[in-house]
Amino acid sequence: YGSSGTIGPQDCDITITLVSNDAPVQRYRQILRDRLATAFPGTTFTFQPGDLTAQILNFGLPAPIDIQIIGRDQQANFEYAQKLLHRIALIPGVADPNILQSFYAPTLRIDASRSFAARTNVTEANIARNALIMLSGSAQVAQSYWLDTKSGVSYLINLQAPQYNLDSFNDLQTVPVDAGHGDASGHSLQLLGGLSRIYQTGLPLVVSHFNIIPTVDVYASADGRDLGAVNDAIQDVLRETAKDVPQSARVEVRGQAVTMASAYAELIEGLLLSVVLVYLVIVVNFQSWLDPFIIITALPGALAGITWSLFITHTTLSVPALTGAIMCMGTATANSILVVAFARDRLAEHGDAARAAVEAGYARIRPVLMTALAMILGMLPMSMSNTQNAPLGRAVIGGLIVATISTLLFVPAVFTLIHGRLRHKTSNARAA
């Protein structure tokens, strides 16, 4: 399946299937970009998403970024799109910038001479119909069928002038035009060149619409740079060129980049909401506002580990990475609950906060390490792969490594500090 529409005879889609997995697809794309640009200068090459997942994420578009110039003045919109294309092509990390619509396709225009045609009883409709039948066939205007009486099968008959008889400009001018009165003698025939003026011009091959309004699409992809950074750079270019936008037009950015931004915002909101909900659930369980706060002090360590793991592995922030962050924070919270719950029990027995924290750390080190190691080992194959879920595994592994250390060292220290002060204040109050 190819998501690009057929614009004209000058465009085509080529499907390439790799026979080995020695190198990622992106590597071959970079090689083809360099060699094709040298071998075929002046030709535009674009690489569309080959897998079904990327096509779904692009919502059927041939590129993850679609800049739409929407307005009724198509010529002005196309001129602005060309300026925008030159600016976008200079952005680092932008690949395959192109304009979908072709506005200057070679075209032969036929302008009928109404006064002369009227004197010969030929209308513009007659000129258009005769030219269409001779050049494209009668099937475009009036379909005719021939019935084979032996087989009972009907065949479509297409009357058309042979292509070898219309291989020059002069041949086109000698196309006969009939008034359509049914005169078979041919005395009323006129020549197309005598009834009209034929000249070369450039016209759009396709006109796209969005909500009925004509649209010009500028497509772009990301290569060697994350999509979010490329989208931010394009937004800066759009703000700088806002004064050049035609008065009757507006510019909108669509595609995977916009969906990604909204998905990030929703995931971050979900991450913050999950922290709040976890805190409230622990408050209900422990019947305290203070101990749940001690438990979630391990979460900054988890976030730091996630950040460093993505930075060290040169992994960009993505939806799978944020999903892994949520998973990591859940596991880190569960481990902290084990430590704090045990420390509370020991504190209730002897009343020494520092001793209770040390005992909790020693007693719960094995279950905490087993839980963290089980999840880390389970995520190793995913993190070392080249799949789209690799950032999830890397985020979980990096976050759990730092979160485990924070749970066994930092959380007991916070427990000792807070409960030690509370015990000291309580003792002073009783003494007073």
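The opening position of the sequence shown corresponds to residue 224 in our numbering, with each subsequent residue numbered one higher.
We put the CB at the ideal spot given by N, CA and C, even for glycine.
It should be emphasised that the depicted structure is a prediction, and the values quoted were computed from it without experimental measurement.
Residue i burial status per 10 Å Cβ neighbour count (16 or more: buried)
i	result
aspartate 629	Note that residue 629 is serine in the sequence shown, not aspartate. Classification of serine 629: buried, given that the 10 Å Cβ count is 16 or more.
isoleucine 380	exposed
tyrosine 224	Reliability fails at tyrosine 224, whose pLDDT of 35 lies under 50, so the model's placement of it is uncertain and no value is given.
glycine 528	buried
threonine 261	exposed
tyrosine 442	buried
isoleucine 435	exposed
glutamate 572	exposed
serine 471	exposed
serine 377	exposed
proline 329	exposed
glutamine 386	exposed
threonine 554	buried
serine 359	exposed
tyrosine 422	exposed
isoleucine 279	exposed
leucine 331	exposed
aspartate 319	buried
C-alpha gap between residue i and residue j, whole angstroms
i	j	result
aspartate 236	threonine 464	32 Å
isoleucine 560	isoleucine 491	24 Å
threonine 240	tyrosine 251	11 Å
phenylalanine 638	phenylalanine 270	56 Å
arginine 256	proline 264	11 Å
alanine 579	proline 543	39 Å
isoleucine 549	proline 437	43 Å
valine 504	proline 515	9 Å
asparagine 393	glycine 417	12 Å
valine 180	cysteine 551	As shown, the chain starts at 224 and ends at 655. That puts residue 180 outside it, with no answer to give.
aspartate 371	alanine 384	24 Å
glutamate 489	glycine 451	15 Å
phenylalanine 268	alanine 286	13 Å
serine 336	threonine 397	16 Å
Residue nearest to residue i in terms of C-alpha spacing, selected from the options
i	options	result
arginine 587	Gly574, Asp575, Leu600 and Arg569	Arg569
arginine 567	Leu596, Thr554 and Val634	Val634
isoleucine 517	Ser532, Gly375 and Val562	Val562
arginine 249	Leu415, Asp446, Val542 and Phe263	The displayed chain sequence assigns glutamine, not arginine, to residue 249. Here the closest residue by C-alpha is Asp446.
leucine 412	Ala246, Ile292, Asn353 and Asp296	Asn353
histidine 432	Asp440, Thr610 and Leu426	Asp440
aspartate 401	Arg477, Ala348, Leu632 and Thr554	Ala348
tyrosine 502	Ala521, Asn388 and Ala318	Ala521
leucine 429	Lys466, Val507, Ser325 and Ala484	A small fix is needed here, since residue 429 is valine in this sequence, not leucine. The shortest C-alpha separation from valine 429 is found at Ser325.
phenylalanine 534	Val499, Pro614 and Gln458	Pro614
aspartate 296	Pro469, Val317 and Ala365	Pro469
CB-CB length for residue i against residue j, believed under 8 Å
i	j	result
leucine 513	isoleucine 641	6 Å
isoleucine 311	valine 460	6 Å
valine 474	isoleucine 292	6 Å
Distance cut-off 7 Å: residue i Cβ against heavy atoms of the ligand FAD
i	result
alanine 335	Judged by which ligands are present, the structure shown has none, so any question about the ligand FAD falls away.
**Item:** Segments of 3+ residues assigned as beta strand (DSSP E) that fall wholly inside the stretch 265-316
**Value:** 288-294
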